[in-house]
Amino acid sequence: MNKNKEQLLNKRYKAEQRFRLYGQSAIFMALLFLTIFIFKIFSTGYSAFQKTWLIVPVTFDAELMMLEQNPSKEDIQDADYYDIALKSMADLDLNANEDQENELKRMVSYFFEKEIKNELLNDPSLIGKTKEVYLTASDDLDQVFKGNYPRDLPEDQRRVSDYQLKIFDQLVANGKVESKFNISFFTNADSREAELAGIASSFMGSIFSILVCLMIAFPVAVLAAIYLEEFAPKNRFTDFIEVNINNLAAVPSIVFGLLGLGVLLAIFQLPRSTPLVGGITLSLMTLPTIIIAARASLKAVPPSIREAALAMGASRMQTTMHHTVPLSMPGTLSGTIIGLAQALGETAPLILIGMVAFVNTIPGSPMDPAASLPVQIYIWAESAERGFVEKVSACIMVLLGFLITMNLFAQIIRHKFEKKWS
Amino acid sequence: MRKNGVKMIKIKAKDVDVFYGKKQALFNISLDIEENQVTALIGPSGCGKSTFLRCLNRMNDVIDICSVKGEILINDFNINDKSCDVVRLREKIGMVFQKPNPFPKTLYENVSYGPTIHGMAQSKQEMDEIVETSLKKAALWEEVKDRLHEPGTGLSGGQQQRLCIARAISVRPEVILMDEPCSALDPIATAQIEELIDELKKEHTIIIVTHSMAQAARVSQNTGFFHLGQLIEHGSTDKIFKNPDNTKTQDYITGRFG
Numbered sequence: 152m153n154k155n156k157e158q159l160l161n162k163r164y165k166a167e168q169r170f171r172l173y174g175q176s177a178i179f180m181a182l183l184f185l186t187i188f189i190f191k192i193f194s195t196g197y198s199a200f201q202k203t204w205l206i207v208p209v210t211f212d213a214e215l216m217m218l219e220q221n222p223s224k225e226d227i228q229d230a231d232y233y234d235i236a237l238k239s240m241a242d243l244d245l246n247a248n249e250d251q252e253n254e255l256k257r258m259v260s261y262f263f264e265k266e267i268k269n270e271l272l273n274d275p276s277l278i279g280k281t282k283e284v285y286l287t288a289s290d291d292l293d294q295v296f297k298g299n300y301p302r303d304l305p306e307d308q309r310r311v312s313d314y315q316l317k318i319f320d321q322l323v324a325n326g327k328v329e330s331k332f333n334i335s336f337f338t339n340a341d342s343r344e345a346e347l348a349g350i351a352s353s354f355m356g357s358i359f360s361i362l363v364c365l366m367i368a369f370p371v372a373v374l375a376a377i378y379l380e381e382f383a384p385k386n387r388f389t390d391f392i393e394v395n396i397n398n399l400a401a402v403p404s405i406v407f408g409l410l411g412l413g414v415l416l417a418i419f420q421l422p423r424s425t426p427l428v429g430g431i432t433l434s435l436m437t438l439p440t441i442i443i444a445a446r447a448s449l450k451a452v453p454p455s456i457r458e459a460a461l462a463m464g465a466s467r468m469q470t471t472m473h474h475t476v477p478l479s480m481p482g483t484l485s486g487t488i489i490g491l492a493q494a495l496g497e498t499a500p501l502i503l504i505g506m507v508a509f510v511n512t513i514p515g516s517p518m519d520p521a522a523s524l525p526v527q528i529y530i531w532a533e534s535a536e537r538g539f540v541e542k543v544s545a546c547i548m549v550l551l552g553f554l555i556t557m558n559l560f561a562q563i564i565r566h567k568f569e570k571k572w573s
Numbered sequence: 000m001r002k003n004g005v006k007m008i009k010i011k012a013k014d015v016d017v018f019y020g021k022k023q024a025l026f027n028i029s030l031d032i033e034e035n036q037v038t039a040l041i042g043p044s045g046c047g048k049s050t051f052l053r054c055l056n057r058m059n060d061v062i063d064i065c066s067v068k069g070e071i072l073i074n075d076f077n078i079n080d081k082s083c084d085v086v087r088l089r090e091k092i093g094m095v096f097q098k099p100n101p102f103p104k105t106l107y108e109n110v111s112y113g114p115t116i117h118g119m120a121q122s123k124q125e126m127d128e129i130v131e132t133s134l135k136k137a138a139l140w141e142e143v144k145d146r147l148h149e150p151g152t153g154l155s156g157g158q159q160q161r162l163c164i165a166r167a168i169s170v171r172p173e174v175i176l177m178d179e180p181c182s183a184l185d186p187i188a189t190a191q192i193e194e195l196i197d198e199l200k201k202e203h204t205i206i207i208v209t210h211s212m213a214q215a216a217r218v219s220q221n222t223g224f225f226h227l228g229q230l231i232e233h234g235s236t237d238k239i240f241k242n243p244d245n246t247k248t249q250d251y252i253t254g255r256f257g
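Line by line, the protein sequences are chains A and B. Heads up: the first sequence begins at 152 in my numbering, then just goes up one per residue. Heads up: the second sequence begins at 0 in my numbering, then just goes up one per residue.
Next up, the structure:
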């Protein structure tokens, strides 16, 4: 009998040990996946925050620029930079033939002419002089310099020719290639040229969408939650509403996109591809999330507080507004932020309402066409150029940073302002 | 209180029935409550004494499935009448609950809440006075006068309950309902509250629900004994405790059941 009990005891200990082991390995697995995921994104994406510049001597030849003596600002603005731009690239190899000159030109970004022009606009005294100008390297050379480009491929399978590589290597050897922090990634809108593409448009698009979403979803959801929780009679009809709010939270986001397309764009004729439409669509999605969070935090306010207020002769409305709602606000707000974070990562509904369009301007209001961060990731991930690979990861990093900040904020609100009940 | 030897009746309950859904919780309760006296309601758990107490300021309205029938006259006005406004009613009838439930706000805000919503103070000064007198009457002033702007939830249990009493009397109610106000407190805090009750009855009519027979005997002048939703017996506390008419009352107060 005693032995039997001992066996049982051992069995119990072993069972608990096994269970702990399973739990620990589950957590280990989850952490492992997360680490791999983050490592992959960071290792691919960190290089996008650096940009490669070629330092090229440019001679600001007044004659080639068709500039008169003592040109005014407008003259400099309107001058022809194409020839001096071409010439400064061609001069990198004095023995180059016409084909090679063409290749030399393609070593820098498509808009190198503009960069030369800006240099002169900043300092008009450069006319007639030679200055070493920083020109954005083409996305392929950018990738070569970052070591992301397979140089050992046969030449006909590469977008960078042997000749370009030879000149580039000479420039590197002479210290004429430099890597700097990529400001334009944050200040430029999208571009077909990977080296110029930035997230400014999609970032602003996301912010505007989220603001529109917040301004619509928050008041509607909070009012709905307060009414349902504090005022509505509990009957079959309100049960039915409750079930359907939960259903709404489970509707796939693309369905909301279709709704936005069919109602907002087709019937109300709102402007396509704008954060306004995107925000309204996202607010439909966020609505149930906020309602559920707000109701949960209203429910969490102890009934004794309501009774205390009512017994003091506060009306139902006063009880709700003076006590219940303020006490439930931390929970409601953190639920709202989590709902918005969800909306921020939403792609499918935005694609349907046209926020997937190529937008190379930075939106100034919710009525201007814009992309959004997740859609930008989608657009770039579809592009063929090697330069976009790192941009995709970099954009994911920005989006994740945004999300983590929001969730952190939600946590802070919850911990700092939530009342502890005695 | 007796005027010229006549009992002044503050509250008159006539044939009160209370239902929770289909279940009847109170049967035909008729009870007169004397003005400026302490009336204790005693009885075993679930006998309906708290339910009856909550009828007096219509707190049962909060419970959807609860319905109250019968007449409850306060100053000869039927509070179950449709024309009765519960906000006005509860201004006149304060309540102190079983568990101390101060608002998670400062002490000052706790006491000033009632006067604020009922517009009883014209100025900050007047409000300060109300807060001070209420806290003094609740025998809490000396302990908290230096920390009026600290949260009320930071007080001890007994202090919290006295804060709740201060909150209740801040609107100068005619009647104070107390639902087992000492059940969550230690003996010292209980003694303080009991002393306070004795003091408060000079200005207010008090109805107290209690589980403690000793407490009922100590603080009350009248006692009502409830059992299974019925008012078995009521009368002066002396009589109920020394010479009850009903054997059930006798059994309960001598501790044979309950």
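By construction, the Cβ of each residue, glycine as well, lies at the ideal position given by its N, Cα and C atoms. Just so it is clear, the structure is predicted and the values come from calculations on it, not from any experiment.
If you draw a 10 Å sphere on the C-beta of Gly-157 (chain B), you find 16 or more other C-beta atoms in it, and that means buried. Proximity of chain B to Met-463 (chain A) at the Cβ level (cut-off 9 Å) is accounted for by Arg-89, Glu-90, Gly-93, Met-94, Tyr-112, Gly-113, Ile-116, His-117, Arg-166, Ala-167, Ser-169, Val-170, in chain order. Judged by their CB atoms, Ile-231 (chain B) and Val-37 (chain B) are not nearer to each other than the 8 Å cut-off. Counting only the Cα atoms, Tyr-529 (chain A) lies some 24 Å from Ser-260 (chain A). The segment 544 to 561 of chain A makes no contact with the segment 376 to 383 of chain A: fewer than 3 CB pairs, one atom from each, lie closer than 8 Å. Rounded to the nearest whole angstrom, the CA to CA distance from Leu-503 (chain A) to Ala-492 (chain A) is 20 Å. Under the DSSP definition of a beta bridge, Pro-150 (chain B) partners with B:Thr-105. Linking Val-143 (chain B) to Val-526 (chain A) through their CA atoms gives a straight-line distance of about 59 Å.
At a cut-off of 8 Å between C-beta atoms, Glu-393 (chain A) does not count as an interface residue with respect to chain B. Put simply, the segment 496 to 512 of chain A does not touch the segment 128 to 136 of chain B. Fewer than three CB pairs are less than 8 Å apart. In this structure, DSSP gives Cys-65 (chain B) an extended state, which the three-state scheme calls strand.
Rounded to whole angstroms, Thr-186 (chain A) and Asp-519 (chain A) show a C-alpha spacing of 38 Å. In the same chain as Ser-335 (chain A), and ignoring 5 residues on each side of it, the C-beta atoms closer than 6 Å to its own belong to Gly-349, in chain order. Contact of Leu-449 (chain A) with chain B is not assigned, every C-beta pair being separated by 8 Å or more. Of the residues assessed, Ala-451 (chain A) falls on the exposed side of the cut-off, its CB having fewer than 16 other CB atoms within 10 angstroms. Sequence-ordered contacts of the segment 35 to 61 of chain B with chain A read Asn-56, Met-58, Val-61 [C-beta pairs closer than 7 Å].
Residue pairing by DSSP places Asn-511 (chain A) opposite no residue, since no beta bridge is assigned to it.
Thr-287 (chain A) places its beta carbon 8 Å or farther from that of Glu-329 (chain A). Under the three-state reduction of DSSP output, Ser-155 (chain B) falls in the coil class, being neither helix nor strand. Each residue's CA atom was taken as its position, placing Glu-33 (chain B) and Ile-441 (chain A) some 52 Å apart. For Ile-456 (chain A), the chain B residues whose C-beta falls within less than 8 Å of its own C-beta are Asn-100, Phe-102, Pro-103, listed in chain order.
The Cβ atoms of Leu-25 (chain B) and Gly-45 (chain B) lie no closer than 8 Å to each other.
From the listed residues A:Asn-325, A:Gly-429, A:Lys-317, A:Gln-420, the smallest Cα separation to Ser-357 (chain A) is found for A:Gly-429. Taking every protein chain shown into account, the CB of Glu-157 (chain A) has fewer than 16 other CB atoms within 10 angstroms, so this residue is exposed. Counting along the chain, no alpha helix (DSSP H) covers Thr-203 (chain A); the unbroken beta strand (DSSP E) around it starts and ends at 201 to 210.
Taking 8 Å as the threshold, the shortest C-beta distance from Val-86 (chain B) to chain A falls below it. Excluding its 5 nearest sequence neighbours in each direction, Leu-316 (chain A) has C-beta neighbours in its own chain below 8 Å: Val-295, Arg-302, listed in chain order. For Asp-14 (chain B), the closest Cβ of chain A is not nearer than 8 Å.
Around Ala-459 (chain A), the beta-carbon contacts reaching into chain B at under 8 Å are Phe-96, Asn-100, Pro-101, Phe-102, Cys-163, Arg-166. Contact of Leu-478 (chain A) with chain B by beta-carbon distance below 8 Å involves Pro-103. For Lys-385 (chain A), the C-beta contacts it makes with chain B under 7 Å involve Asp-63, in order along the chain. Annotation for Gly-552 (chain A): the continuous alpha helix (DSSP H) segment containing it runs 538 to 568. When rounded, the separation of the alpha-carbon atoms in Gly-298 (chain A) and Asn-273 (chain A) is 33 Å. The Cβ atoms of Ile-443 (chain A) and Ala-561 (chain A) lie no closer than 8 Å to each other.
Restricting attention to A:Gly-496, A:Lys-256, A:Ala-401, the CA atom closest to the CA of Tyr-314 (chain A) is found in A:Lys-256. In the three-state scheme derived from DSSP, where H, G and I count as helix and E and B as strand, His-203 (chain B) is classed as coil.
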